[in-house]
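**Student:**
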Amino acid sequence: MGFMNGDWQNYVMLLISFVLMYLAIVRKFEPLLLLPIAFGMFLINIPGASEQLWGTYPTDPETGEIISNAYDDVENRGLLWYLYFGVDKVIYPPLIFLGIGAMTDFGPLIANPKSMLIGAGAQLGIFIAFVLAILLGFSVAAAAAIAMIGGADGPTAIYVTKILSESYLPAIAIAAYSYMALIPIIQKPLMRLLTTKKERLIKMEQLRTVSKLEKVLFPLIVTLVVGIILPSAIALLGMLMLGNLFRESGVVERLSSQVQNGLMNTITVFLGISVGCKATGEMFLALSTLEIIGLGLLSFVFGTIGGLLIAKLMCKLTKGKINPLIGSAGVSAVPMAARISEDVGREYDPQNHLLMHAMGPNVAGVIASAIAAGFLLACFTAFADVGTVSAALEAVGAVA
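Position in the sequence shown counted from 1, then plus 259, gives you this note's numbering.
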């Protein structure tokens, strides 16, 4: 035991954890989750710390080889094992959605329901990355997990990955939150490339006022409809809408405040440390990690492009009433993506305020990413342990 007994992988992972801490603290890249992830990675890779913080796996008494590395079989369980329970049983991501719902105003989406089309279009990156991941040799389940990076929704990506392909959890989580932090760098060039100056100068009409009744009914209707059509999305979407109902009902302000502050912050810390503690050398230091990072970037790029193209089409169909810049806000990074639409619009006309118009597609993206996650889970949960596409097809044939 001790520092000198670690192998090279421990020290490389410690170095990576320091880089992530630098990005979180100095560069302020998604620090609320990237910092706990980095520290969890730092803790678990200190030589000798894993046995104390996580536990030990059962070994064969004669050969000394590990006979099971399953979560439930861990012996001498430590602190991080217990914290990881919320990830293993997929408890943390829905609770994060509960907090997001309490912080989200769906008013802009209710006032302009067409925004949902932009949010749906921004999921294009998920399905393109899914196909590319399969072409690179990932299993269908792993490809579905990797593709969720394009939704720009960290909790959703973690939720899907834990169910479909847990071994890639650290790489996917880090990629998802890193790209969310890089939204201005990724999106602004695409927004300028895919829109004309005339389109960027379009001023949109002020949104109508949304009544309290509409805001209260919205989470109930969405939960009911999606729950009936796609039950696999109900854990995430149901918690999102419950949090929003707390907010909009106006009768449980204490619960709403607690959910979006105390509970949200606590779960964020637990989730970050838990994900980081799975980033060991044997899992993280592989070619697949670089492939995941590359696929995640492509997924994010095509998600932005999908939203912009749908917004451009809507601009044409409405004869110039919709500014295509709000299309990039279709990814579910709330409210960062909407702010980017506002910033780019004001670069060309300081009096052009697009923030509230962009919030419609932005919150629509949150709903759309949860629905996309539910769709992927419904399609591929049965293949979580199937290695290749051909094996998956054989499994489908066997079921049929």
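Think of the CB as a built atom: it goes at the ideal place given N, C-alpha and C, for glycine as much as any other residue.
1. Buried or exposed: where does W313 fall if 16 or more other Cβ atoms within 10 Å of its Cβ makes it buried?
2. For a cutoff of 7 Å on Cβ pairs, would you count L522 as touching chain B?
3. So the candidates are M300, G307, G502, L274; which of them puts its Cα closest to the Cα of L428?
4. In three-state DSSP terms, what is I444?
5. Specify, as a first and last residue, the run of the alpha helix (DSSP H) that P414 falls within.
6. Based on DSSP bridge pairs, tell me the residues matched to E216.
7. Put I355 into one of helix, strand or coil per three-state DSSP.
8. Please state whether DSSP places I303 in a helix, a strand or coil.
9. Under a Cβ-count criterion, where at least 16 other Cβ atoms within 10 Å of its own Cβ denotes burial, should K537 be classed as buried or exposed?
10. What is the DSSP secondary structure of I487, counted as helix, strand or coil?
11. Using DSSP with H/G/I as helix, E/B as strand and the rest coil, what is I626?
12. If we ignore side chains and look at the alpha-carbon of each, how far apart do V485 and L479 end up?
13. What three-state label does DSSP hand I325 in the structure shown?
14. State buried or exposed for D266, treating a residue as buried only when at least 16 other CB atoms are found within 10 Å of its CB.
15. Counting beta carbon pairs with one atom in the segment 550 to 558 and one in the segment 399 to 418, are three or more of them shorter than 8 Å?
16. With distances taken from CA atoms, which of S628, A641, F642 is nearest Y418?
17. Helix, strand or coil, according to DSSP, for L613 in the structure here?
18. Going straight from the alpha carbon of F559 to that of A381, what length do you get?
19. So, for Y351: in the same chain, excluding its five sequence neighbours on each side, which residues have a beta-carbon less than 8 Å away from its beta-carbon?
20. Assuming L423 contacts F634 (C-beta within less than 8 Å), just tell me the rounded distance between them.
21. Apply the 10 Å Cβ neighbour rule to S470 and answer buried if 16 or more other Cβ atoms are within range, or exposed otherwise.
22. Rounded to whole angstroms, how far is the Cβ of L613 from the Cβ of I585, which I believe are closer than 8 Å?
23. Pick out whichever of G624, L472, P609 has its Cα sitting closest to the Cα of K462.
24. Any idea if T322 is buried or exposed, counting beta-carbon neighbours within 10 angstroms, 16 or more meaning buried?
25. How far does the alpha helix (DSSP H) with I350 in it extend, from its first residue to its last?
26. For F397, tell me which candidate among A588, G619, T548 has the shortest Cα-Cα distance.
27. Just the C-alpha distance for Y436 and P320, rounded to the nearest angstrom, thanks.
28. Report yes or no: do the segment 512 to 522 and the segment 271 to 284 share at least 3 C-beta pairs separated by less than 8 Å?
29. If you drop the 5 nearest sequence neighbours on each side, which residues of the same chain put their C-beta closer than 6 Å to that of I493?
30. Compute the Euclidean distance between the alpha carbons of P372 and S491, then round it to the nearest angstrom.
31. Which whole-angstrom value is the C-beta distance of C574 and E458, which I expect to be below 8 Å?
32. Leaving out the 5 sequence neighbours to the left and right, which residues in its chain are closer than 7 Å to V655 when beta-carbon positions are compared?
33. Only counting runs of 4 or more residues, tell me where the alpha helix (DSSP H) segments fall wholly within the segment 379 to 417, in order along the chain.
34. Am I right that Y607 and L460 are in contact with their C-beta atoms under 8 Å? What's the rounded C-beta distance?
**Tutor:** So, to answer that:
1. Buried, by the Cβ-count rule.
2. In the structure shown, chain B does not exist; there is a single protein chain.
3. The residue with the shortest Cα to Cα distance from L428 is M300.
4. Correct three-state label for I444: helix.
5. Residues 413 to 423.
6. Outside the displayed range of the chain (260 to 659) lies residue 216, so it cannot be described from this structure.
7. It is helical.
8. Helix at I303.
9. By the 16-neighbour rule on beta-carbons within 10 angstroms, K537 is buried.
10. I487 carries a helical assignment under DSSP once its states are collapsed to helix, strand and coil.
11. DSSP, reduced to helix, strand and coil, places I626 within a helical segment of the structure shown.
12. Straight-line Cα distance between these residues: approximately 10 Å.
13. The DSSP-derived three-state label of I325 is strand.
14. With fewer than 16 other Cβ atoms inside 10 Å of its own Cβ, D266 counts as exposed.
15. Verdict: yes, contact present.
16. Among S628, A641, F642, the Cα nearest to that of Y418 is on S628.
17. In this structure, DSSP gives L613 a state outside helix and strand, which the three-state scheme calls coil.
18. Near 9 Å, if we compare the C-alpha coordinates of A381 and F559.
19. Excluding five sequence positions before and after Y351, the CB atoms of its chain that fall closer than 8 Å to its own CB belong to G345, P414, I417, I526, F529, L530, S533, given in chain order.
20. In this structure L423 is not in contact with F634, their Cβ atoms being roughly 12 Å apart against a cut-off of 8 Å.
21. The residue in question, S470, is exposed, as its Cβ has fewer than 16 Cβ neighbours within 10 Å.
22. That belief holds up - the Cβ atoms of L613 and I585 are roughly 6 Å apart, short of 8 Å.
23. The residue with the shortest Cα to Cα distance from K462 is P609.
24. Exposed, because fewer than 16 other Cβ atoms sit within 10 Å of the Cβ of T322.
25. From DSSP, I350 is part of no alpha helix (DSSP H); its letter is neither H nor E.
26. Per the C-alpha coordinates, the member of A588, G619, T548 positioned closest to F397 is T548.
27. Linking Y436 to P320 through their CA atoms gives a straight-line distance of about 42 Å.
28. No, the segment 512 to 522 does not touch the segment 271 to 284.
29. Answer for I493: G486, listed in chain order.
30. Between the alpha carbons of P372 and S491 lies a distance of about 24 Å.
31. So it is a contact: roughly 6 Å between Cβ atoms.
32. For V655, the pLDDT reaches just 42, beneath the cut-off of 50, and the residue's location in the model is therefore unreliable, leaving the point undetermined.
33. The qualifying runs are 383 to 394, 399 to 406.
34. Contact holds; Cβ gap of about 6 Å.
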